[in-house]
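Participant: Mind having a look at this structure? Questions to follow.
Residue numbers (the working numbering): 596 to 727.
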């Protein structure tokens with residue numbers, strides 16, 4: 596007798612599906628889903644996303660003090676919350692070749708980490724919740 600009847604296959608698939616659900620439930624208990632907040636930022640035609648837990652602060656724009664012989668991506672340095680940060684132009688970093696800023700910066704986004712970096716940003720956008 597052939598066990599591969601449509602109803603037999605259906606039972607087998609349901610059995611596999613149920614077993615998979617049990618495994619998924621067990622994995623879910625060990626690895627609960629978390630969410631991270633992604634801050635959207637506009638810079639000219641670009642929209643960047645930086646996780647909120649990687650941002651030290653968002654400050655009002657102030658003109659950076661230029662550094663001699665710095666590459667075009669480096670706008671200069673600013674002091675934010677007592678830290679001297681190198682301000683970068685994201686458009687230049689992503690290949691826009693302009694001698695002047697291709698946007699009007701409105702804010703500085705200071706990043707966490709040992710690099711001491713801030714990004715010149717035009718506007719702050721919405722915040723997205725991403726499941727990880």
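Built from N, CA and C at the ideal position, the CB exists for glycine as well.
1. Is residue 600 helix, strand or coil by DSSP?
2. With DSSP collapsed to three states, give me the class of residue 709.
3. Around the C-beta of residue 638, are 16 or more other C-beta atoms found within 10 angstroms, so that it is buried, or is it exposed?
4. Using CA coordinates, which residue listed in 634, 711, 691 and 628 is at the minimum distance from residue 678?
5. Please report the distance separating the alpha-carbon of residue 635 from that of residue 702.
6. Tell me which same chain residues have a C-beta within less than 7 Å of the C-beta of residue 728, skipping the five on either side of it?
7. Provide the residue(s) that pair with residue 724 in DSSP beta bridges, ordered along the chain.
8. Any idea what DSSP makes of residue 670, helix, strand or coil?
9. Which value, in whole angstroms, describes the spacing of the CA atoms of residue 714 and residue 704?
10. Taking the alpha carbon of residue 676 as the point to measure from, which residue in 654, 699 and 721 has its own alpha carbon closest?
11. Spell out the partners DSSP gives residue 703 in its beta bridges.
Facilitator: Reading from the atomic positions:
1. Here the question's residue 600 lines up with position 5 in the chain shown. In this prediction, residue 600 has a pLDDT of 46, which is less than 50 and means its spatial position is unreliable; nothing more can be read from the coordinates.
2. Your numbering for residue 709 matches position 114 in the chain shown. Coil, per DSSP.
3. Here the question's residue 638 lines up with position 43 in the chain shown. Label assigned to residue 638: buried.
4. Stepping through the chain shown from its first residue, residue 678 is reached at position 83. Closest by alpha carbon: 711.
5. Against the chain shown, residue 635 aligns to sequence position 40. Against the chain shown, residue 702 aligns to sequence position 107. Taking the straight line joining both Cα atoms gives about 13 Å.
6. Any answer about residue 728 is impossible in this case: the structure gives the chain only from 596 up to 727.
7. Along the chain shown, one-based indexing puts residue 724 at 129. 632.
8. As a first step, residue 670 is located in the chain shown; it is residue number 75 there, counting from the start. Residue 670: strand per DSSP, three-state reduction.
9. In the chain shown, counting from the first residue as 1, residue 714 sits at position 119. In the chain shown, counting from the first residue as 1, residue 704 sits at position 109. Rounded to whole angstroms, residue 714 to residue 704 spans 5 Å at the Cα level.
10. Translated into positions along the chain shown, residue 676 becomes position 81. Here the closest residue by C-alpha is 654.
11. Sequence index remark: in the chain shown, residue 703 carries index 108 (1-based). Partner(s): 654 and 715.
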